[in-house]
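Notes follow once the structure below has been shown.
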Amino acid sequence: MISKLIKTTAVAALLFLGTTSATQAASITPYTFGDTGPDYIGASYGASELSVSTILNNYGYTLGGSAIDTSADQTQIQAFQVTGGSADFSIQLLAEYASYSNDVYVFSGTTASNLTFEYAFTNNTDPIGTSFDFTVADGDYFGFVIHANGSNPPSYSTVNSLSSDGLDHALIFETDQDAYVVAFEDLPKANNGLLGDQDYNDVVFSLTGNAIPEPASAGLLLLGAGMLLGRPKRRNA
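Count along the sequence shown from 1, add 1153, and you get the number used in my numbering.
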């Protein structure tokens, strides 16, 4: 009887600890900041370039068990916020089709005036598969920015308002593989209103981490984020 009681108590304790750990685990909330999209994806200037759709398919990324539709499945996510503790993440370069050399940075902070920038990698210099690990503190927002080619390069961010021209130079896709995929366009707006060829394949990388939710959970978080857009937008202004 005592032996059974000890075993039962031990199992209950383990279950309690597991529940507590899950409750206290860090999580991320995606924010769109009112961006509704979808954004037009154009044909590349280079005939040999792979489209974002092909890149996603080649890496086996899916959503809902099907191939990702790069128009219908755009999330319009611009940034994320970490809550429930600090969280570790990694980004990995998946593809790059750019004549520009674009420096990729991770930014994090609570407001636009106190952001910290960490250099990750450069397309055309670092090989495909290059990765960068980073940690985001509890309560901080984070996103990504590229410094496009040149001695005084423009900056294009996942957050439209942080881009040099205020335009949408990045797409973020949710996947079944517990990862997001970020795709950048590095060209400025042309006379036809497009961002160059607007193919969003100039720098493409994955985002993984211990706080990345399952797709169903991510959808709920995104829904909740939409209800809070006013407050975070003012904080990041």
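Glycine residues also receive a C-beta, built at the ideal position from the N, C-alpha and C atoms.
Every value quoted in this text rests on a predicted model; they were computed, and no experiment measured them.
Helix, strand or coil: how does DSSP classify residue i here?
i	result
I1181	strand
I1208	helix
S1219	strand
A1265	helix
Q1330	coil
L1348	strand
L1340	coil
S1314	helix
Y1309	strand
T1189	coil
H1322	coil
Can you list, in chain order, the residues of its chain with a C-beta nearer than 6 Å to that of residue i? Leave out the 5 residues immediately preceding and following it.
i	result
G1238	A1179, D1291
S1197	D1350, D1352
F1242	F1287, G1362
Check whether the Cβ atoms of residue i and residue j sit closer than 7 Å, and answer yes or no.
i	j	result
A1232	G1296	yes
H1322	Y1333	no
L1246	I1281	yes
I1325	I1230	yes
V1356	N1211	no
L1360	I1244	yes
A1248	I1208	yes
V1205	A1301	no
A1220	D1339	no
L1447	D1329	With the chain running from 1154 to 1390 in the structure shown, residue 1447 is simply not present.
D1293	S1261	yes
Quick check: does the Cβ of residue i come within less than 6 Å of any heavy atom belonging to the ligand FAD?
i	result
V1257	Ligands displayed in this structure: none; no statement on the ligand FAD is therefore possible.
Should residue i go down as buried or exposed, given a rule of 16 or more other Cβ atoms within 10 Å for buried?
i	result
N1276	buried
G1362	buried
F1270	exposed
D1192	buried
Which same chain residues end up closer than 7 Å to residue i when comparing Cβ atoms and leaving out the 5 residues on each side of it in sequence?
i	result
A1364	A1179, S1180, I1181, V1235, A1240
T1176	Unreliable positioning characterises T1176 in this predicted model, as indicated by a pLDDT of 41, which lies under 50. The coordinate reading is nonetheless provided below. Around T1176: no qualifying Cβ.
Might you give, ordered along the chain, the residues of its own chain that have their beta carbon closer than 8 Å to the beta carbon of residue i, omitting 5 neighbours on each side?
i	result
A1343	G1349
E1202	Y1250, D1352, N1354
Exercise. At what residue ranges does the region 1222-1293 contain a whole run of the beta strand (DSSP E), taking only runs of 3 or more?
Worked result: 1232-1236, 1240-1248, 1256-1262, 1269-1275, 1284-1289
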